[in-house]
Amino acid sequence: MTSTTAKTAAGTPAEAAGTDRVELLIGGMTCASCAARVEKKLNRMEGVSATVNFATEKAEVVFADGVRVADLIATVEKTGYTAEEPAPPKPAPETGAPERDPELGALRHRLLVSALLAAPVVLLAMIPALQFDNWQWLSLTLAAPVVVWGGAPFHRAAWTNLRHGAATMDTLVSVGTLAAFGWSLWALFFGDAGMPGMHDEFRLTVSRMDGASTIYLEVAAGVVALILLGRYLEARSKRRAGAALKALMELGAKDVAVLRDGREVRVPVSSLAVGDRFVVRPGEKIATDGTVVEGVSAVDASMLTGESVPVDVGPGDRVTGATVNAGGRLLVEAGRVGADTQLARMAKLVEDAQNGKAEVQRLADRVSAVFVPVVILLALGTFGAWLGVTGDTVAAFTAAVAVLIIACPCALGLATPTALMVGTGRGAQLGILIKGPEVLESTRRVDTVVLDKTGTVTTGRMTLQEVYAADGEDEKELLRLAGALEHASEHPVARAIAAGAEEHAGALPAVEHFENVPGRGVRGRVDGREVAVGRLYDELPRELADAAREAERQGRTAVVAGWDGRARGVLAVADAVKETSAEAVRELRGLGLTPVLLTGDNRTVAEAVARTVGIGSEDVYAEVLPEDKVDVVRRLQREGRSVAMVGDGVNDAAALAAADLGLAMGTGTDAAIEAGDLTLVRGDLRVAADAIRLSRRTLATIKGNLVWAFGYNIAALPLAAAGLLNPMIAGAAMAFSSVFVVTNSLRLRAFR
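Heads up: the sequence shown is residues 1 to 752, going by the UniProt record's numbering.
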């Protein structure tokens, strides 16, 4: 349990000051109406706001001071279900063997036994040629264990719900199968159905028959077996739907080699503290977020970001826990541990999103809450109508049982959460964190995407772009001397020139008599020459003046370098545009969005960057102060646009929160990530297009699931009531409606 006043992910209950929040595991739920009942009971408690998710079998509860967790658990138990706080996560097995699910195993065992016993019963009923003398008694012998033992979970749940004055999906199944079995017992023991030589014929629809000689053992046994099959496939699919989150939580290292008194000591990762230094050998996972102290290597972060190319790191570079050291030995100082690590925060964001509910799902929940009582009334009405019109008790009974068994609120309850589980899980694998279900609706509506320039479209750091050497001057020598002088300065432009010089000219010589001239540049003695870099030359040769003007026209900073009183060349420095930004802008346009560039830089620089990535000058907002970025977003919204904002800095946080959809670059600040609706773990703008595409695909899957779930019930119930469905066919259709919804959601796992 955690006390909090922070803003939660979309879809979870709202929190206020003086409240606590707890997550409860709910046991015994078998359909969406169960989840609706638990949620309704919890929300009736004073000071409690709860959301219950049928697919994840969890309740997210926010409660005021004075309410205890024990009170919440007691309320759930009074409703007929179980509740408990989640146990601490256990370390994943080192063997790599898949973890066994005892509940799934028990369900599979019950299914296999029931299916083996029910199959002969169904075959005997459907194929008259197989009906030998007294076949009906063999059918009874085989069907009885299926109905009593195989259907026990349904009967227990129905009885529990009855004691609490409620009805759920289990009530429909239990009443339907017991009614069919009870009718068969009456016909066998008190009617003519038990006579030797009795033959029966399987019919797809309701027809007039002699009740005393009609048995429904194939319906009773077949429906139980089919619904158990549906439950098993549903449970297995739900497990696969949540597999991405489970895999994400298990990505981290299990132990780590910490330096203690100069020696390496192997300890569990849970005992790491901020400031500890630990060793990471080639092939090992980095234990936690930190900074490289010693060593140079390449780090494979594909499991967190979806980026397949390893990133080179060295002293001073940040590394993330759960990524893999692909090269040399590293010594890392721990910066974040436990729940503060990027991996833990990613897992929490995904889990919160999966526990949330979209508004359309709340409608489905309200329907599910009243669905079962309505179906029971409809079944009684069907029985009465058939009896009144035809006077045939058998036909009336068959139609009523078909109505009971065909109804399935499960598909309604699974439509949104399963798609959300798979979509958010797949997003996490690709480095896209979706904060909640409401975000999906926003991605469908947005038509304009505002791109912050620095750190989003560009790298966010100055780099040497071009070198113009005067006639007769050696470019490499120009770089060597200018780079040596700038190496002694801390200015971002100086660092860019020094880094470029080291890359192209090699080792740099030492500097003597270094002097900083405020606002104009630096000078000093290098290799016996008086070198100056900056704006320290009053006159430039025409060729260098032209080069400086051209650099500035392209949005670059022009720096003049020379020695012994003469200007020898121009160095052009700029915040480099990311290689993938132009492609990202094309992809965003392909999604029907209008890209807009937003920056605090001057108009010349902004338009140069915009030209490079394919944004027109009319969609450039330059010289915008950090506090005015929100005004730009709101101005676009006042024009009737639905705005998405992509940013990574502290000064982007307010604009991200104000936008209809905020996309925070995960390489940016915590404030930006907290304010965004979608977090892009990788610093690649193309992921923004992927995120919107995945969100839209997930939303489309949810809507497709709901159309199927509502459409199935709207179409199937009248067919059953009209006598056009045999109860066993109805049972098969009901079982596979839920399986269809979950399987449709699983298609999101293939998103690329």
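Each residue gets a CB set at the ideal place from its N, CA and C atoms; glycine is no exception.
On a predicted model such as this, the values are computed, not experimentally measured, just so you know.
Which residue marks the beginning of the beta strand (DSSP E) containing residue i, and which one marks its end?
i	result
G562	T557 to W563
F514	E512 to V517
L25	T19 to G27
F278	R277 to V280
N53	V48 to N53
T458	T458 to A469
G662	L661 to M665
V256	D255 to R260
T300	Before going further, note that residue 300 is Asp rather than Thr in the sequence given. First-last of the beta strand (DSSP E) with D300: S297 to D300.
Below 9 Å between beta carbons: does that hold for residue i and residue j?
i	j	result
V121	L217	yes
L464	G506	no
A187	T214	yes
V742	T418	yes
E515	R523	yes
A547	Y621	no
A334	G275	yes
A482	A567	no
V62	A70	no
R480	S489	no
W32	I406	This sequence places Ala at residue 32; Trp is not what is there. No, the Cβ-Cβ distance between A32 and I406 is not below 9 Å.
V324	V279	no
S114	A225	yes
L694	G427	yes
M645	V372	no
N53	E46	no
R696	L593	no
residue 754	W708	An answer regarding residue 754 cannot be provided, because it is not within the stretch 1 to 752 covered by the chain.
S174	L140	no
Of the residues the options, which one's Cα is nearest the Cα of residue i?
i	options	result
A653	R523, D628 and D538	D628
K41	D20, T19, A74 and T30	A74
A344	A322, R329 and G328	A322
R260	P268, S271, R277 and V269	R277
D20	F54, D133, A64 and V258	A64
R520	R549, L508 and A558	A558
K453	V613, L404 and E583	V613
A732	V223, V367, L117 and D170	V223
G565	L540, L588 and Q342	L540
M29	R156, R263, L536 and W386	R156
V585	A152, G425 and T456	T456
P595	V605, T604 and E583	E583
T604	E552, D648, V573 and R535	E552
D690	G460, R635, T424 and D340	T424
P196	V148, G165 and L138	L138
Where does residue i fall in DSSP's three states?
i	result
V389	helix
K285	strand
I702	helix
V681	coil
K78	helix
R239	helix
D71	helix
M195	coil
T8	Residue placement at T8 is flagged as unreliable, the pLDDT there being 41, under the threshold of 50; the coordinate-derived value follows with that caveat. T8 falls in the coil class under three-state DSSP.
T341	coil
R329	coil
E639	coil
L625	coil
A722	coil
D631	helix
E490	coil
A644	strand
E530	strand
A166	coil
Do residue i and the ligand SAM come close, with the Cβ less than 8 Å from some heavy atom?
i	result
K703	This structure lacks the ligand SAM; in fact it carries no ligand of any kind.
At what residues does the alpha helix (DSSP H) containing residue i begin and finish?
i	result
D65	It is not in any alpha helix (DSSP H) - D65 carries neither H nor E in the DSSP assignment.
V161	For clarity, residue 161 is Asn in the given sequence; the question names Val instead. Element bounds for N161: A152 to R163.
R520	Run containing R520: none; DSSP gives neither H nor E here.
M126	P102 to M126
P145	W135 to P145
V274	Where V274 is concerned, there is no enclosing alpha helix (DSSP H), given that its DSSP letter is neither H nor E.
Give a yes or no on whether the minimum CB-CB distance between residue i and chain D is below 9 Å.
i	result
Y216	Among the protein chains of the structure shown there is no chain D, as only one such chain exists.
(request) Please list the segments of the beta strand (DSSP E) lying wholly inside the region 533-592, counting only runs of 3 or more residues, in order along the chain. (result) 557-563 and 566-577
(request) Scan the region 395-439 and note each continuous alpha helix (DSSP H) run of 4 residues or more that stays entirely inside, going in chain order. (result) 410-429
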